[in-house]
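In short: position in the sequence shown from 1, add 4, done, that's the numbering used here. Report on the following structure.
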Amino acid sequence: MGDDGRVQLNIRFGGKFVGHPPNSYINGDVCYSRVVPYEFSYANLCEILQEIGCTPWTSLTYLRPGHTIQDGLFEISNDTDMTEMFILYEGEGKEIEFFVTHPDVEESDEEELGWHQWEEIGGE
């Protein structure tokens, strides 16, 4: 975690996982958001996704520290999951990689959905 107590969330959206099991996330955009752990809830995460027009989604996952996409994805679906994620990252000082899985969306639909690159949401 940073000196100011915040952690950076790198929210990857608009892309898709490839490989079986998944080994990468391709063709997406990234939204960067600095948040205060334990004060940031699942509802806050959903609000950010709404702000950037990142709907609909089928699942939200994050990458556990020290793991790869192949063996370290964990789904987030409530505040308990968020707390467990922040506990895992305590003392790590790393950014947290989030991945948004969307229903099958054709490339031509992306403009209509309003997906585009976002530099930073929230934080200072």
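Each residue gets a CB set at the ideal place from its N, CA and C atoms; glycine is no exception.
Under 8 Å, do residue i and residue j count as touching if we go by C-beta distance?
{"i": "G57", "j": "D33", "result": "no"}
{"i": "I15", "j": "I52", "result": "yes"}
{"i": "V39", "j": "L13", "result": "yes"}
{"i": "T84", "j": "Y42", "result": "no"}
{"i": "T134", "j": "F90", "result": "Lying before the first or after the last residue shown, residue 134 is absent from the chain, which here runs from 5 to 128."}
Please classify residue i: does DSSP put it in a helix, a strand, or coil?
{"i": "T62", "result": "coil"}
{"i": "N14", "result": "strand"}
{"i": "F102", "result": "strand"}
{"i": "F3", "result": "Residue 3 falls outside the range modelled here, since the chain spans only 5 to 128, and no answer is possible."}
{"i": "I80", "result": "strand"}
{"i": "D8", "result": "coil"}
{"i": "I52", "result": "helix"}
{"i": "D108", "result": "coil"}
Roughly how many whole angstroms lie between the Cα atoms of residue i and residue j?
{"i": "T62", "j": "D8", "result": "33 Å"}
{"i": "A47", "j": "K98", "result": "22 Å"}
{"i": "I100", "j": "G70", "result": "11 Å"}
{"i": "Y36", "j": "L49", "result": "12 Å"}
{"i": "G23", "j": "L67", "result": "16 Å"}
To which residues does DSSP link residue i through a beta bridge?
{"i": "Y29", "result": "F21"}
{"i": "V40", "result": "BP columns for V40 are empty, so no partner."}
{"i": "L67", "result": "L77"}
{"i": "C35", "result": "I15"}
Are the C-beta atoms of residue i and some chain B residue less than 8 Å apart?
{"i": "Y29", "result": "Given the protein chain composition of this structure (a single chain), no chain B is represented."}
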